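Remarks on the structure that follows.
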Amino acid sequence: MMRPKSNKKKRSSIYDSMKHKQIEQEKEAKKSIGTTQEIEAELKKMEKMVLDLNEAYQNFFSGKGREPKVMRRELENLIRKYQRGSLPRAALKFRFENIQSKMALYRPRWEEKLREMRFNDITFTTTEATQVEREAINKIFDLSDFDG
Numbered sequence: 230m231m232r233p234k235s236n237k238k239k240r241s242s243i244y245d246s247m248k249h250k251q252i253e254q255e256k257e258a259k260k261s262i263g264t265t266q267e268i269e270a271e272l273k274k275m276e277k278m279v280l281d282l283n284e285a286y287q288n289f290f291s292g293k294g295r296e297p298k299v300m301r302r303e304l305e306n307l308i309r310k311y312q313r314g315s316l317p318r319a320a321l322k323f324r325f326e327n328i329q330s331k332m333a334l335y336r337p338r339w340e341e342k343l344r345e346m347r348f349n350d351i352t353f354t355t356t357e358a359t360q361v362e363r364e365a366i367n368k369i370f371d372l373s374d375f376d377g
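Numbers 230 to 377, taken from the working numbering, label the letters of the sequence shown in order.
Below you can see the structure in the form of C-alpha cells.
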C-alpha cells in the first residue's frame, strides 16, 4: 500500500522562506540604523528634542507660540526608526528606553491638555497677535463710554 506524499517538504520550504525574509528584514533594519557613533549622536539629539518639545508644549499651553506638531512628528519618526532595529550596545538601548519612557510620560499630559483645550474651545495665539486683536476690538467698540 502506498502512502500519500508528505507535505513536510512544502512546509519546510515555506518556513525557510519566511525565516529568510525575517533575517533579511533584520539585516536591513540594522543597516538603516547606522554606526555606533551615529546612533549616539542621534540619541543625544533625541534627548534634547524631548526636553525642547516639552518646553514648546508648555509655551503653547501658556499662550506663547503654536503647537509644536512638526517637532513632535520628527521625534516620533526617530523613535519609530530605533524601535524597528536592534541597538548594538546595552548602554545605547538603555538611553533609547529612557527617551521612550520620557515620551510615554509627557504624551498623555499633552494629549489631556489638548483635549481639554478643544473641549473648552480655548485657542491660543501668539502674544503679538493678541495685542493686535485687543487694539482692533478697542477701535471697533469704544468701551470707555460704557457705564456698565
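Just so it is clear, CB atoms sit at the ideal spot from N, CA and C, and this is done for glycine as well.
None of the values given here were measured: they were computed from a predicted structure.
Taking the alpha-carbon of serine 330 as reference, which of Pro317, Lys342, Gln312, Arg344 has the nearest alpha-carbon?
Gln312
Classification of proline 337 by the beta-carbon crowding that lies within 10 angstroms, buried from 16 upward:
exposed
Touch test, the region 292–303 against the region 260–272, Cβ-Cβ under 8 Å, three pairs minimum
no
Identify every run of the alpha helix (DSSP H) within the region 318–349, keeping only runs that are complete inside it and at least 4 residues long; order them along the chain.
319–348
If you check the beta carbons only, do leucine 304 and leucine 334 fall under 9 Å apart?
A distance of 9 Å or more separates the beta carbons of leucine 304 and leucine 334.
Taking the beta carbon of leucine 272 as the centre, do at least 16 other beta carbons fall within 10 Å, making it buried, or is it exposed?
buried
Limits of the unbroken alpha helix (DSSP H) element including lysine 298
298–313
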